[in-house]
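See below for the structure under consideration.
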Amino acid sequence: MLDPPRPGVRQAIARCHAAGIKVVMITGDHPATATAIARELGILTPGGMVLTGRDLETMPDEELDRLVPAVQVYARTSPQHKSRIVRAWQRAGGVVAMTGDGLNDAPAVKEADIGLAMGQNGADVTKDAASLVLADDNFVTIVDAVEEGRTIYANIRKAIRYLLGTNIGDVFLTATAVLAGLPLPLLPVQLLWLNLVGDSLPALALVKDPPAPGIMRQPPRQVRSDFFAGEFSRQILTRGVFIGLGGLFLFALKLYLNGSVAAARSLALAGLLAGQLFHLFDCRLMDGGSQGYFSNPYVLGAGVWTVVTMWLTFMSRPVRGLLHTVPLTGSDWLLATVTAATTGGTALLLG
Numbered sequence: 001m002l003d004p005p006r007p008g009v010r011q012a013i014a015r016c017h018a019a020g021i022k023v024v025m026i027t028g029d030h031p032a033t034a035t036a037i038a039r040e041l042g043i044l045t046p047g048g049m050v051l052t053g054r055d056l057e058t059m060p061d062e063e064l065d066r067l068v069p070a071v072q073v074y075a076r077t078s079p080q081h082k083s084r085i086v087r088a089w090q091r092a093g094g095v096v097a098m099t100g101d102g103l104n105d106a107p108a109v110k111e112a113d114i115g116l117a118m119g120q121n122g123a124d125v126t127k128d129a130a131s132l133v134l135a136d137d138n139f140v141t142i143v144d145a146v147e148e149g150r151t152i153y154a155n156i157r158k159a160i161r162y163l164l165g166t167n168i169g170d171v172f173l174t175a176t177a178v179l180a181g182l183p184l185p186l187l188p189v190q191l192l193w194l195n196l197v198g199d200s201l202p203a204l205a206l207v208k209d210p211p212a213p214g215i216m217r218q219p220p221r222q223v224r225s226d227f228f229a230g231e232f233s234r235q236i237l238t239r240g241v242f243i244g245l246g247g248l249f250l251f252a253l254k255l256y257l258n259g260s261v262a263a264a265r266s267l268a269l270a271g272l273l274a275g276q277l278f279h280l281f282d283c284r285l286m287d288g289g290s291q292g293y294f295s296n297p298y299v300l301g302a303g304v305w306t307v308v309t310m311w312l313t314f315m316s317r318p319v320r321g322l323l324h325t326v327p328l329t330g331s332d333w334l335l336a337t338v339t340a341a342t343t344g345g346t347a348l349l350l351g
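Under our numbering, the first residue of the sequence shown is numbered 1, with each subsequent residue one higher.
The structure is reproduced here in structure tokens:
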């Protein structure tokens, strides 16, 4: 008799292995049956161990803790054995997800960091003990959920990097100009407009990014890892400083050449908007993101929105009156674009 695995399970397990997720089979079946199925699915690999419930009965916790990373199949297990295996993995520092459907799985599902119960064929007590219930009873859904979770986390990081980077640029520009004895580079209404048109829609568009091609080949994050650890905080600071430097350069240059504070503020505002536009596409490259520029129509729409609002800011008479800006010449537009591209490219090279 044969109860074959569902289609796609072997591929899903391979995706788990690529993502650094260890898959362990815990079953009440005979060791020979469990071994055959585990090999077919790719769970049991050369060098992997198979333990039975009888082995666990005579094994102290210290020995189990030593062997648990190498054991890939547990056969003829009882509910007590399953809970003990979960605790052993937790002592080893793992984040344990336990799946189950029967009444005897409920204790281990309850004890795991993430308990997963089967919604169609699972016992009610197991569903009550679980953190999540699978509506389709399909292991492939678990792997898809992992990919979705990683994508959401990566997109939140992109949006935060974008928002903090652009706001650091605004603060750097204003603080540096004041300390240098220059006039205020942006009026409050201009700062508000910059945040409204340059931050809101682009940040929301980044959250809609599709999964990056390599997201399921990245190792899992450490549970206690700092959200801003490593290069992330440095990238935010570096990008923000260079956006502010670009705006400061344009403001000081226009003030020196033209002498008009309104014209200098307008050019600085255009430079900041252009810098944020470059930064928007730069943020999509982080965390393995290389989906291509046309894979997220929301980002393209946000980019078009930014360009249109830039034009209205300096070319529409009613908007100019509201924001106290002046029209920009063709050379002004070119200078703002080249400055934004130069500072953005420099920041990108610096990481």
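All residues carry an ideal CB built from backbone N, CA and C; glycine is no exception.
Uninterrupted alpha helix (DSSP H) stretches at least 4 residues long and entirely within the segment 142 to 219 occur at 188 to 195 and 201 to 206, given in chain order. Burial state of histidine 279 is buried, judged by a 10 Å Cβ sphere holding 16 or more other Cβ atoms. The three-state reading of DSSP puts glycine 246 in helix, counting H, G and I together.
The beta carbon of methionine 118 is closer than 6 Å to those of Asp101, Leu134 and Asp137 in its chain, skipping five residues each way along the sequence.
One alpha carbon belongs to phenylalanine 232, the other to isoleucine 160, and they sit about 10 Å apart. For glutamine 80, the enclosing alpha helix (DSSP H) stretches over residues 79 to 91.
Each residue's CA atom was taken as its position, placing glycine 259 and leucine 248 some 15 Å apart. Inter-residue distance for glycine 275 and alanine 180 is about 22 Å (C-alpha atoms, whole angstroms).
Leucine 103 has its alpha-carbon roughly 11 Å from the corresponding atom of asparagine 121. A Cβ-Cβ distance of about 4 Å is found for the pair glycine 53 and arginine 76, placing them in contact under the 8 Å criterion. The three-state secondary structure of glutamine 72, taken from DSSP, is strand.
The residue from Gly198, Ser295 and Ser266 with its alpha-carbon nearest to that of alanine 212 is Ser295. Close CB contacts of valine 241 within its chain, under the 6 Å cut and outside five residues either way in sequence, are with Phe172 (chain order). Under a 10 Å Cβ-count criterion, phenylalanine 227 is classified as exposed, with fewer than 16 other Cβ atoms of the shown protein chains found around its own Cβ. Judged by pairs of C-beta atoms under 8 Å, the segment 186 to 206 touches the segment 295 to 306, as three or more such pairs exist. Rounded to whole angstroms, the gap between the alpha carbons of valine 140 and histidine 17 is 13 Å. With fewer than 16 neighbouring CB atoms inside 10 Å of its own CB, alanine 92 falls in the exposed class. Membership of isoleucine 37 in the alpha helix (DSSP H) is indicated by the continuous run 31 to 41.
Of the residues assessed, methionine 315 falls on the exposed side of the cut-off, its CB having fewer than 16 other CB atoms within 10 angstroms. DSSP links threonine 52 through a beta bridge to Ala75.
With contacts defined by Cβ atoms closer than 8 Å, lysine 254 and leucine 267 form a contacting pair. Note on geometry: alpha-carbon atoms of threonine 174 and leucine 184 lie some 7 Å from one another. In the DSSP secondary-structure assignment, isoleucine 26 is bridged to Tyr74. Counting the other CB atoms within 10 Å of its CB gives proline 107 a total of 16 or more, which places it among the buried residues. Where methionine 310 is concerned, the enclosing alpha helix (DSSP H) starts and stops at 297 to 315. Rounded to the nearest angstrom, the Cβ distance from cysteine 283 to tyrosine 162 is 5 Å, consistent with a contact under 8 Å. As DSSP reads the structure, isoleucine 114 sits in a beta bridge with Ala97. Under the criterion of beta carbons closer than 8 Å, leucine 322 and aspartate 170 do not qualify as touching, at roughly 19 Å. About 6 Å separates the CB atoms of threonine 126 and valine 109; that is less than 8 Å, so the two are in contact. Leucine 273: member of the alpha helix (DSSP H) spanning 261 to 283, first to last residue. Measuring C-alpha to C-alpha distances from valine 308 to each of Ala340, Thr342, Ala270 and Thr339 identifies Ala270 as the nearest. By the neighbour-count definition (other C-beta atoms within 10 Å, threshold 16), threonine 58 is an exposed residue.
Measuring C-alpha to C-alpha distances from valine 189 to each of Ile26, Arg320, Thr343 and Leu348 identifies Arg320 as the nearest. For leucine 44, the three-state secondary structure derived from DSSP is coil. Put simply, the segment 64 to 74 touches the segment 23 to 41. At least three CB pairs are less than 8 Å apart.
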